[in-house]
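Engineer: Residue numbers (my numbering), protein chains in the order written: chain A, 1 to 327; chain B, 1001 to 1327.
Using N, Cα and C, we set each Cβ at its ideal position, and we do this for glycine too.
Below you'll find the structure I mean.
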């Protein structure tokens, strides 16, 4: 991505090549599903129970094929993408612990990430598939998971689109909803749908309002839509990616609408984020703060925090500000 | 349990009967495995991926059969117990997401809870099975998962008993190890193995020392044996059951050894626990505090907190103090 978009440094391309070689050699099982994790020698540690491994692999392969013209990478990206669409109805497959039928909730994550993944892989995909997926996902996100009455995006809903009054059904992940909104803004911008991006910007503002911790600042990780205690023990923590995705969403929101209140919200988030997350001594960012904003885990990488959200967000915000300063 | 051990109140027995009727009607699948959760009408929500559901069901049925002489309950308790022994090698069954072979860690929880479950069901079980299980579990807990060099009980170890230098391999759950030690004390007391109980008491003291938060008090939920950041985001929280199990372990430890340092540790834990967990206004106990001891979740029950640890611990401590005051 950096090689394609920032500067064609041979060093960056080599790092990417090592990654692609390792991943294509070890990362994928016989059914074409991507393992959740490998050890350093490449042996699988955790089965492919999580379809987001496949999404991130497809994105990486797409960017690599763009940089190098490597056909194998492009083909594997498309194959993985189509496999994701095929697994869409039961992404966890045999690792799904829910009992089918009793409370068959539908989860927000897949339609959301498909918006982004489809945009990322667009040059490699059949245009009809792209348009269909956009139409379907935008409808899912904006008409089904977004509830205008509550002004919130829900993580899980009943199959008929109604709300489920249960822990899972009341779950709000503010960072998730906000991230989805900048994916929607990207699609709306590409399709020149002003009304759609306007709506997405307003939803970001509403979710930030709902998710903001009035006492200590920052956006909560999880909340209950009705204000009940959530099930997640980590609910009150402040996570790096939540704040980075919000910065992207607000920067894009301001770029698209020039709304002053959006800019002020950006400044609020900027101050919180840059004050709390970067490590001034050793560089990189902390991932996990407690509610008060103190570092909870000093590690810079782990099971979920890779070299992804920080560079992507800095790049996206930079590009927004380039457009704004040229306008 | 209350009916059998405290007072033969008809009301308590009726509540237990409702529970047993509901559970035996809805709680179990065709293979004899117990679902992880049901909805209020009895329909299964989550598949039987967790063998501890089976352990707790067996304990409940054992106590109920003791109170009523109900043969069906006794039979189902024994059947469930034998099924647990059968599933011992791969308790999560098809829901196990680990890739077999790469890092085949063995988990502490099952040998530990089998100590307690076997004691609970002893009157219903074949004496040879009981002795075998005791021998096997005590050996597992004290010789394999307990590491004298580190003075710690590990949650996961390599199949050859060595330590794994990985997040899972370095994981310490102080409350878990402490709880296991009072199970061991019970077995040692029943078998009159003074050396064994002496060792268990010392291990409790060492784990409390290791797990105690010097800054804010209380025992951490998770720690890394080498002091690295653990993977669990909730690592620094203070949980009700951890502190209750420690009270039991220290009360039993003092009963068995009359060690003054054990009593002083009991007092320290008593003060922390009774100051922080009970809800003085509405009764019952909070389950989850943040590191500083403030209530993190105001709920009194949830996915993991049922009507179990609080009454069991109060009962066990009471019984210890009865013995002590009569001696």
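#1: Taking Cβ positions, are residue 1252(B) and residue 1320(B) nearer each other than 8 Å?
#2: How long is the line joining the alpha carbons of residue 1100(B) and residue 325(A), rounded to whole angstroms?
#3: Can you tell which of 1018(B), 1212(B), 1096(B) and 1035(B) has the C-alpha that lies nearest to the C-alpha of residue 45(A)?
#4: Just grab the DSSP bridge partners of residue 156(A) for me.
#5: What do you get for residue 1155(B), buried or exposed, if any count of 16 or more other CB atoms within 10 angstroms of its CB means buried?
#6: Taking the alpha helix (DSSP H) that residue 1262(B) belongs to, which residues open and close that run?
#7: Ordered along the chain, which non-local residues of its own chain (more than five positions away) have a Cβ less than 8 Å from that of residue 267(A)?
#8: Does the beta carbon of residue 1000(B) come closer than 8 Å to any beta carbon on chain A?
#9: What did DSSP end up calling residue 6(A) once you bin it into helix, strand or coil?
#10: Measuring only the C-alpha atoms, how far is residue 1310(B) from residue 1090(B)?
#11: Would you kindly check if the distance between the Cβ of residue 153(A) and the Cβ of residue 180(A) is under 8 Å?
#12: Taking the C-alpha atoms as reference points, what is the distance between residue 287(A) and residue 176(A)?
#13: Under 7 Å between beta-carbons, which chain A residues line up against residue 1303(B)? List them in chain order, please.
#14: Please list, in chain order, the residues of the segment 1101-1130 of chain B that have any C-beta partner in chain A closer than 7 Å.
#15: For residue 298(A), go through chain B and note every residue whose CB falls closer than 8 Å to its CB, in chain order.
#16: Which of the residues in the segment 1044-1060 of chain B, read from start to end, lie with their CB under 8 Å from any CB of chain A?
#17: Give me whichever residues DSSP pairs with residue 143(A) in a beta bridge.
#18: Does the CB of residue 1226(B) have a neighbour CB from chain A at under 8 Å?
#19: Report the three-state DSSP secondary structure of residue 300(A) (helix, strand or coil).
#20: Going by C-alpha to C-alpha distance, which of 1200(B), 1111(B) and 1021(B) sits closest to residue 1060(B)?
#21: Check whether the Cβ atoms of residue 219(A) and residue 243(A) sit closer than 8 Å, and answer yes or no.
#22: Indicate whether residue 1328(B) and residue 1074(B) have their beta-carbon atoms separated by less than 8 Å.
#23: Give the straight-line distance between the Cα atoms of residue 1233(B) and residue 8(A), rounded to the nearest whole angstrom.
#24: Confirm, please, whether the CB-CB distance from residue 1172(B) to residue 1117(B) is below 8 Å.
#25: Nearest-angstrom Cα distance between residue 225(A) and residue 1080(B)?
#26: Within the 8 Å Cβ cut-off, does residue 219(A) reach chain B?
#27: Quick check on residue 1028(B) - is its C-beta less than 8 Å from some C-beta in chain A?
#28: Rounded to whole angstroms, what's the CA-CA distance from residue 151(A) to residue 31(A)? Just pull it up for me.
#29: Can you tell me the Cα-Cα spacing of residue 1028(B) and residue 1076(B), whole angstroms?
#30: Under 8 Å, CB to CB, which of the residues in the segment 237-248 of chain A have a partner in chain B?
#31: Using the C-alpha atoms, what's the distance from residue 284(A) back to residue 130(A)?
#32: Which bits of chain D does residue 1094(B) rub up against, with CB to CB less than 7 Å?
#33: What does the Cβ neighbour count give for residue 137(A), buried or exposed, with the cut at 16 atoms within 10 Å?
#34: If contacts are defined as beta-carbon pairs under 8 Å, then residue 1204(B) and residue 1250(B) qualify, I think. What distance do you get, rounded to the angstrom?
#35: Leaving aside the five residues before and after residue 1144(B) along the sequence, list all residues of the same chain whose C-beta is less than 7 Å from its C-beta, in chain order.
#36: Check distances from the C-beta atoms of the segment 1271-1296 of chain B to those of chain A and list, in chain order, the residues that come in under 8 Å.
Structural biologist: According to the data block:
#1: Contact: yes.
#2: Between the alpha carbons of residue 1100(B) and residue 325(A) lies a distance of about 54 Å.
#3: Among 1018(B), 1212(B), 1096(B) and 1035(B), the Cα nearest to that of residue 45(A) is on 1096(B).
#4: DSSP lists 107(A) as the beta-bridge partner residues of residue 156(A).
#5: With at least 16 other beta carbons inside 10 angstroms of its own, residue 1155(B) counts as buried.
#6: Unbroken alpha helix (DSSP H) run through residue 1262(B): 1260-1276.
#7: Correct list: empty, nothing qualifies.
#8: Nothing about residue 1000(B) can be reported from this structure: the residues present for chain B run from 1001 to 1327 only.
#9: Note: residue 6(A) maps to coil in three-state DSSP.
#10: Roughly 30 Å between the two C-alpha positions.
#11: It is a contact, given that the beta carbons lie within the stated cut-off.
#12: So the two alpha carbons sit approximately 16 Å from each other.
#13: 231, listed in chain order.
#14: For the segment 1101-1130 of chain B, the set of residues with a beta-carbon nearer than 7 Å to any beta-carbon of chain A comprises 1102 and 1103, in chain order.
#15: Here the neighbours are 1229.
#16: For the segment 1044-1060 of chain B, which is checked against every Cβ of chain A, the residues closer than 8 Å are 1044, 1045, 1046, 1047 and 1049.
#17: Residue pairing for residue 143(A): DSSP places it in no beta bridge.
#18: So no, residue 1226(B) is outside the interface.
#19: The three-state secondary structure of residue 300(A), taken from DSSP, is coil.
#20: It is 1021(B).
#21: In contact: residue 219(A) and residue 243(A) (Cβ atoms closer than 8 Å).
#22: Outside the modelled stretch of chain B, which goes from 1001 to 1327, sits residue 1328(B), for which no answer is possible.
#23: Their backbone Cα atoms lie some 38 Å apart in a straight line.
#24: No, the Cβ-Cβ distance between residue 1117(B) and residue 1172(B) is not below 8 Å.
#25: Approximately 39 Å between the Cα atoms of the pair.
#26: At a cut-off of 8 Å, the C-beta of residue 219(A) has no neighbouring C-beta in chain B.
#27: Not closer than 8 Å to any Cβ of chain A, the Cβ of residue 1028(B) fails to qualify, so no.
#28: Using only the alpha carbons, I get a separation of about 40 Å.
#29: So the two alpha carbons sit approximately 10 Å from each other.
#30: For the segment 237-248 of chain A, the set of positions with a beta-carbon nearer than 8 Å to some beta-carbon of chain B reads 237 in chain order.
#31: Put simply, the backbone Cα of residue 130(A) is about 35 Å away from that of residue 284(A).
#32: Absent here is chain D; the protein component of the structure consists of chains A and B.
#33: Flag for residue 137(A) reads buried.
#34: Sure, about 7 Å apart at Cβ, within 8 Å.
#35: Within its own chain, the residues whose Cβ lies closer than 7 Å to the Cβ of residue 1144(B), once the five positions on either side in sequence are excluded, are 1157 and 1161, listed in chain order.
#36: Cβ contacts with chain A: 1288, 1290, 1291 and 1296.
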